[in-house]
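> Submitted below is the structure of interest, expressed as structure tokens.
2 protein chains.
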Amino acid sequence: MVTEALTEDAAAGLARGFKALGDPVRLRLLSLIAARAGGEVCVCELTDAFTLTGPTISHHLKVLREAGLIDCQRRGTWVYYWIVPARLAVLSQLLDVSAAAASTGPTR
Amino acid sequence: MVTEALTEDAAAGLARGFKALGDPVRLRLLSLIAARAGGEVCVCELTDAFTLTGPTISHHLKVLREAGLIDCQRRGTWVYYWIVPARLAVLSQLLDVSAAAASTGPTR
DNA sequence: TCTCTGCCTAGACAGTCATCTAAACAACCG
DNA sequence: CGGTTGTTTAGATGACTGTCTAGGCAGAGA
């Protein structure tokens, strides 16, 4: 099992991802996009799900995008967002490995 | 597959966990504790691994503890910290499920 | 009891963040 | 071309965060 302590650089990269997830609004945005049939969601639908202003939603989407968790494309009038599964998997795996190491006991 | 959108309350609880992970120092602390043979680490060892002051490390440990990710106990002079695997597993699973939903296509 | 060491709390300070309003940009449609 | 709608950018503001220094509490040992 790979349970080495993180290097400073690795921790910084991963923390950027977790930090983006550390806001209830962004988590719900991610969840709304992930749960979406077709995998793509228009911004207007996301905005409707909150009592926040458009610019605020736009800001949160930008944070998620800059963290590599989602990506987007404009098609005509509308902008569509989707999940980047590989990035989520990396973060998930770190937690999974740490939890496993802790619950199954010492590594060495 | 369970890929419902998160409720506001659920998102708030989960975000508290991810927020605690969203700092490089805290991520490294968690990793150091998880990688530790025996599952427990003394604060003094953690402090030595950083160029930060004791109070700063203490602060970060408190944040992790209040997020339910670690727990601690004083035994004589020293305080020992350990991972709470169940909490990490919950966060890991959320990401895993979202990634899976996004990569395998529509849920319905 | 006195002192030493390990750890935490309190308070201060600079930097970051979530949110808003106002304004700009982009695409469609008359 | 002008107007309407969807989305983002810019700037402001109040709140929160990471870090420090100073000081306090807890346990061990002389």
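For the protein sequence lines, the chains are A and B, in the order given. Residue numbering for the first sequence follows UniProt numbering, starting at 1 and increasing by one per position. Residue numbering for the second sequence follows UniProt numbering, starting at 1 and increasing by one per position. Note that the Cβ used here is the ideal one computed from N, Cα and C, for glycine as well.
Does the beta-carbon of A35/B have 16 or more other beta-carbons within 10 angstroms, so that it is buried, or is it exposed?
As a position in the second sequence, residue 35/B is number 35, starting the count at 1. Classification of A35/B: buried, given that the 10 Å Cβ count is 16 or more.
> Candidates W78/A, L69/A, R26/A, D96/A: which alpha carbon is nearest T7/B's?
Start at 1 with the first residue of the second sequence, and residue 7/B comes out as number 7. Per the Cα distances, R26/A.
> Which residues of the segment 55-70 of chain A have a Cβ closer than 9 Å to any Cβ of chain B? Give them in chain order.
Answer set for the segment 55-70 of chain A: empty.
> Label R108/B either buried or exposed according to how many other C-beta atoms from any shown protein chain fall within 10 Å of its C-beta, with 16 as the threshold for buried.
The residue you call residue 108/B lines up with position 108 of the second sequence. Its pLDDT being 44, under 50, R108/B is placed unreliably by the model, and the measurement read from it follows with that caveat. Exposed, since its Cβ has fewer than 16 Cβ neighbours within 10 Å.
> Are there three or more Cβ pairs, one per stretch, closer than 8 Å when the segment 80-92 of chain B is compared with the segment 90-105 of chain A?
Yes, the segment 80-92 of chain B touches the segment 90-105 of chain A.
> Thinking just about the alpha-carbon of each residue, which of G76/A, L69/A, E4/A is nearest to the one in A20/A?
Walking along the first sequence from the start, residue 20/A turns up at place 20. It is L69/A whose Cα lies nearest to the Cα of A20/A.
> For W78/B, decide whether its Cβ has a neighbour in chain A, counting only Cβ atoms nearer than 8 Å.
Indexing the second sequence from 1 puts residue 78/B at position 78. Chain A, which has no Cβ nearer than 8 Å to the Cβ of W78/B, makes this no.
> Measuring straight from C-alpha to C-alpha, what distance separates S103/B and A11/A?
Position 103 of the second sequence, counting from 1, holds the residue named residue 103/B. Position 11 of the first sequence, counting from 1, holds the residue named residue 11/A. Taking the straight line from one Cα to the other gives about 26 Å.
> Going straight from the alpha carbon of W78/A to that of H60/A, what length do you get?
Here the question's residue 78/A lines up with position 78 in the first sequence. Here the question's residue 60/A lines up with position 60 in the first sequence. Those two C-alpha atoms are separated by around 17 Å.
> Hey, could you find the ends of the alpha helix (DSSP H) V84/A is sitting in?
Numbered from 1 along the first sequence, position 84 holds the residue referred to as residue 84/A. Looking at the DSSP string, V84/A is not in any alpha helix (DSSP H), and its letter there is neither H nor E.
> So L95/B contacts chain A; which residues on that side make the cut at Cβ distance below 7 Å?
For the purposes of this step, residue 95/B is taken as residue 95 along the second sequence, with counting starting at 1. Simply L88, L91, S92.
> By a C-beta neighbour count over all protein chains shown, 10 Å radius and 16 as the cutoff for buried, is G39/B buried or exposed?
As a working note, residue 39/B is residue 39 in the second sequence. So G39/B counts as buried.
> Just the chain B side, please: which residues come within less than 9 Å of E4/A by C-beta, in chain order?
Counting from 1 along the first sequence, the entry for residue 4/A is found at position 4. Correct list: S31, A35.
> Closest to G13/A by CA distance: which of A100/A, A99/A, L88/A, S98/A is it?
As a working mapping, residue 13/A is identified with position 13 in the first sequence. Checked all of A100/A, A99/A, L88/A, S98/A; the closest Cα to G13/A is L88/A.
> Looking at chain B, is there any beta carbon in it that lies within less than 8 Å of the beta carbon of R28/A?
Sequence index remark: in the first sequence, residue 28/A carries index 28 (1-based). So yes, R28/A belongs to the interface.
> Among A15/A, A37/A, F18/A, which residue has its Cα nearest to the Cα of A5/B?
One-based indexing of the second sequence puts residue 5/B at position 5. Comparing Cα positions, the closest option is A37/A.
> Quick check on R36/B: does DSSP put it in helix, strand or coil?
Start at 1 with the first residue of the second sequence, and residue 36/B comes out as number 36. Coil at R36/B, not helix or strand.
> At which residues does the alpha helix (DSSP H) containing D9/B begin and terminate?
Residue 9/B sits at position 9 when you count from the first residue of the second sequence. Its alpha helix (DSSP H) spans residues 8-21.
> Could you check if D23/A is buried or exposed, using at least 16 other CB atoms within 10 Å of its CB as the buried criterion?
Counting from one through the first sequence, the residue named residue 23/A turns up at place 23. D23/A is buried by the Cβ-count criterion.
> Is there at least one Cβ from chain B nearer than 8 Å to E8/A's Cβ?
To locate residue 8/A, count along the first sequence from 1; it is residue 8. Cβ-Cβ to chain B under 8 Å: yes for E8/A.
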